[in-house]
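For reference, the structure is listed below as structure tokens.
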Amino acid sequence: MSDDAPTTADSTDASDSEDHRVRLRGIYTTALTQRCLSAGWTVVQASDPIKRRFEASFETDAHDVEIATTDDRQGVGIHGRPDVVAAATDLIDSVGIDTLSWSDPAPEGAIFDGRVTETRGRGAVVDLGNCEGFLPFRGVDARVDTGDMVRVRVTDTAPPWDDDRPLLSTTIEISGSLVTLIPESGDPTVDTRDESAARELIGMTDLLGVEAPDGWRIRWDHAATEAAMEALEPALDRTASRAAEITTALDSAEIEGGVDAAGETSGQLAAPAGGAWLWFGRESRFALDEIRSEVTTTMPGHHRIKAGSSTASSGVDFVEALCALDEAAFPFETVVDIFGPAVGDAVEIAHGKPAGHCISLGKGTVTDRDADSITLRRELSGGGQYDGLGVPRERGDTATTTFREGRWWYPTVYRDSEGSVKGTYVNICTPVECFPRSVRYVDLHVDVLKHADGTVERVDDDELDAAVDEGNLSEPLAEKARSVASALENAF
Numbered sequence: 001m002s003d004d005a006p007t008t009a010d011s012t013d014a015s016d017s018e019d020h021r022v023r024l025r026g027i028y029t030t031a032l033t034q035r036c037l038s039a040g041w042t043v044v045q046a047s048d049p050i051k052r053r054f055e056a057s058f059e060t061d062a063h064d065v066e067i068a069t070t071d072d073r074q075g076v077g078i079h080g081r082p083d084v085v086a087a088a089t090d091l092i093d094s095v096g097i098d099t100l101s102w103s104d105p106a107p108e109g110a111i112f113d114g115r116v117t118e119t120r121g122r123g124a125v126v127d128l129g130n131c132e133g134f135l136p137f138r139g140v141d142a143r144v145d146t147g148d149m150v151r152v153r154v155t156d157t158a159p160p161w162d163d164d165r166p167l168l169s170t171t172i173e174i175s176g177s178l179v180t181l182i183p184e185s186g187d188p189t190v191d192t193r194d195e196s197a198a199r200e201l202i203g204m205t206d207l208l209g210v211e212a213p214d215g216w217r218i219r220w221d222h223a224a225t226e227a228a229m230e231a232l233e234p235a236l237d238r239t240a241s242r243a244a245e246i247t248t249a250l251d252s253a254e255i256e257g258g259v260d261a262a263g264e265t266s267g268q269l270a271a272p273a274g275g276a277w278l279w280f281g282r283e284s285r286f287a288l289d290e291i292r293s294e295v296t297t298t299m300p301g302h303h304r305i306k307a308g309s310s311t312a313s314s315g316v317d318f319v320e321a322l323c324a325l326d327e328a329a330f331p332f333e334t335v336v337d338i339f340g341p342a343v344g345d346a347v348e349i350a351h352g353k354p355a356g357h358c359i360s361l362g363k364g365t366v367t368d369r370d371a372d373s374i375t376l377r378r379e380l381s382g383g384g385q386y387d388g389l390g391v392p393r394e395r396g397d398t399a400t401t402t403f404r405e406g407r408w409w410y411p412t413v414y415r416d417s418e419g420s421v422k423g424t425y426v427n428i429c430t431p432v433e434c435f436p437r438s439v440r441y442v443d444l445h446v447d448v449l450k451h452a453d454g455t456v457e458r459v460d461d462d463e464l465d466a467a468v469d470e471g472n473l474s475e476p477l478a479e480k481a482r483s484v485a486s487a488l489e490n491a492f
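Yeah, the sequence shown ends on 492 if you go by the working numbering, and it's all consecutive.
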């Protein structure tokens, strides 16, 4: 696939004005609504809680971009018109020093020619050129085998720190923010449980001055039942134009003999929308607390607690509904007492990387807990050496790691089966967050080591510099990492 493969940049049902129209959902919605309104943006399709909290009227019309909390509550996904995705990313990325962002290589609605690299029990892994996707067999009419070329649409995407691949379908639907066009003939339908509103909307469809292109069927989204009639016709018109553009793009890139017209094997054909993912670190969550407190009662650590679990999120809502809160510190000890982890629990170390992915360093058992930290102990298997320390990793070795909430570093002490110290590895990272089932942070590359003989060594500054050069870390964040590393060197 050539780099100039056809794409569709005008991706949502809204105007090109700087008054961007945004739809928000999830635990960060109040803070981000305030940030968007302060920037002069228009918030549409607001939820009932947002309508109650803000002294503003909210339209139910189409949006340029949607900002939604990720399923794990660690950040947000931004999807919609590419230029507005970029503007929203800039607006939110500046919330805190440890907000990190990455573009979505396979945004929802994007169409690819991909090659099947592996088949599994329920579906196939598909190479999309710049990433992989998963095609469930339940959505495929014909048999799919390894090596086959398939034309697919992204139906559901996933943040880079998640293990999931984007979900794919061989059905090429075209979606706007109020309407979707289905490649089949038939009468319009409405995706809603409100039958009365659906009948009314279908009746109004006949009065519009635009129709679906030949071979496409209209499916209105639920939001269309609440939109003004004058918004429906432009929404359908733009989606119909998009369908025509994408049809032309696909017709010019037919797959022949397993290879596309450009002689390549896989790649993107059309992108009706752009996408980005933002991960919030601990400092960013507290910055969002400050923004939210401008609007409504917000307890210290509001977003930090909600990010931990759905149960904790409900607890925060309960506390804030009961009383106004005076200035106070984040109640880490109380949060851990109620929601965990407790001594004896198994907790995963979720080691985020600046490039966006997240790896597990395994699970440790909580051996100690105090007012601001937890300590994990891991029993290690033998084989190889400890990175940086240069000493063998042997059966019976243990790793004891203390994570202090909010600290920019954490130490791991390695001991042999007799309890003798083999070395200490201090990881520099974004401020640590100790959730009920995992400890999370993003590694900032540079580390400080203390060898068994007392020698202190600083490593991987070059990797930190490279991450800045590659655009994965900001220079202020990198400078903070260098400062922390220097302080630890002096302390050791």
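Here a beta-carbon is modelled for each residue, glycine too, at the ideal position from N, C-alpha and C.
Asked: Reduced DSSP category for Ile27 - H, G, I as helix; E, B as strand; rest coil; Found: coil
Asked: Candidates Ser241, Leu376, Pro436, Glu405: closest to Ile338 by CA position; Found: Pro436
Asked: CB contact flag (Phe112, Gly123, <8 Å); Found: no
Asked: Residue ranges of each beta strand (DSSP E) within the stretch 351-417, 3 or longer; Found: 358-369, 373-379, 398-404, 409-415
Asked: Same chain only: Cβ atoms within 6 Å of Gly388, ignoring 5 sequence neighbours per side; Found: Leu449, Val459
Asked: Boundaries of the beta strand (DSSP E) in which Glu457 is found, first to last residue; Found: 456-459
Asked: DSSP-derived helix/strand/coil call for Ala68; Found: strand
Asked: First through last residue of the alpha helix (DSSP H) which encompasses Gly203; Found: 195-205
Asked: Presumed contact (8 Å Cβ cut-off) between Leu288 and Ile78, rounded CB distance; Found: That pair is no contact at about 15 Å.
Asked: Arg81 (DSSP reduced to helix, strand or coil); Found: coil
Asked: Segments of 4+ residues assigned as alpha helix (DSSP H) that fall wholly inside the stretch 120-157; Found: none
Asked: Nearest-angstrom Cβ-Cβ length linking Glu433 and Arg292, presumed shorter than 8 Å; Found: That belief does not hold up - the Cβ atoms of Glu433 and Arg292 are roughly 18 Å apart, past 8 Å.
Asked: Pro82 beta carbon near the ligand FAD (any heavy atom closer than 7 Å); Found: In the structure shown, the ligand FAD is absent, as is every other ligand, since no ligand is present at all.
Asked: Contact belief for Thr155 with Leu168 at Cβ below 8 Å, rounded distance in angstroms; Found: 7 Å
Asked: Backbone CA spacing between Tyr28 and Thr375 [nearest angstrom]; Found: 30 Å
Asked: Sheet register partners of Ser348 (DSSP bridge); Found: Note that residue 348 corresponds to Glu in the displayed sequence, not to Ser. According to DSSP, which records beta bridges pairwise, Glu348 is partnered with Lys363, Ser438.
Asked: Assumed close pair Val468, Asp447 - CB separation to whole angstroms, cut-off 8 Å; Found: Rounded, the Cβ-Cβ distance is 16 Å, inconsistent with contact.
Asked: Residues near Ala493 in its chain [Cβ-Cβ closer than 8 Å; skip 5 each side]; Found: Nothing can be reported for residue 493, as the shown portion of the chain is limited to 1 through 492.
Asked: Whole alpha helix (DSSP H) elements within the stretch 211-299, 4-residue minimum; Found: 229-251, 282-293
Asked: Under the three-state DSSP convention, the category Glu470 falls into; Found: coil
Asked: Cα-Cα separation between Ala231 and Asp61, rounded to whole angstroms; Found: 6 Å
Asked: Thr225 beta carbon less than 8 Å from that of Asp194; Found: yes
Asked: Where Ser381 falls, given that 16 or more other Cβ within 10 Å makes a residue buried; Found: exposed
Asked: Residues bridged to Arg52 (per DSSP); Found: According to DSSP, Arg52 bridges with nothing at all.
Asked: Spatial distance of Arg415 from Glu379 (CA atoms); Found: 10 Å
Asked: N-terminal and C-terminal residue of the beta strand (DSSP E) that Val44 is part of; Found: That residue, Val44, is in no beta strand (DSSP E); it is neither H nor E in DSSP.
Asked: Beta-carbon proximity of Thr146 to Thr117, cut-off 8 Å; Found: yes
Asked: Whole-angstrom distance between Thr42 and Thr170, CA atom to CA atom; Found: 35 Å
Asked: Which of helix, strand or coil DSSP assigns to His63; Found: coil
Asked: For Val319, three-class secondary structure by DSSP; Found: helix
Asked: Which of helix, strand or coil DSSP assigns to Phe339; Found: helix
Asked: For Glu463, the three-state DSSP class (helix, strand or coil); Found: helix
Asked: Local conformation of Val426 per DSSP, three classes; Found: strand
Asked: Outcome for Lys51 when other beta-carbon atoms lying within 10 angstroms are tallied against a minimum of 16; Found: exposed
Asked: Residue environment, Phe403, which counts as buried when at least 16 other CB atoms sit within 10 Å; Found: buried
Asked: Ser493 to Ile218 span [Cα, whole Å]; Found: The requested residue 493 does not occur in the structure, where the chain is confined to residues 1 to 492.
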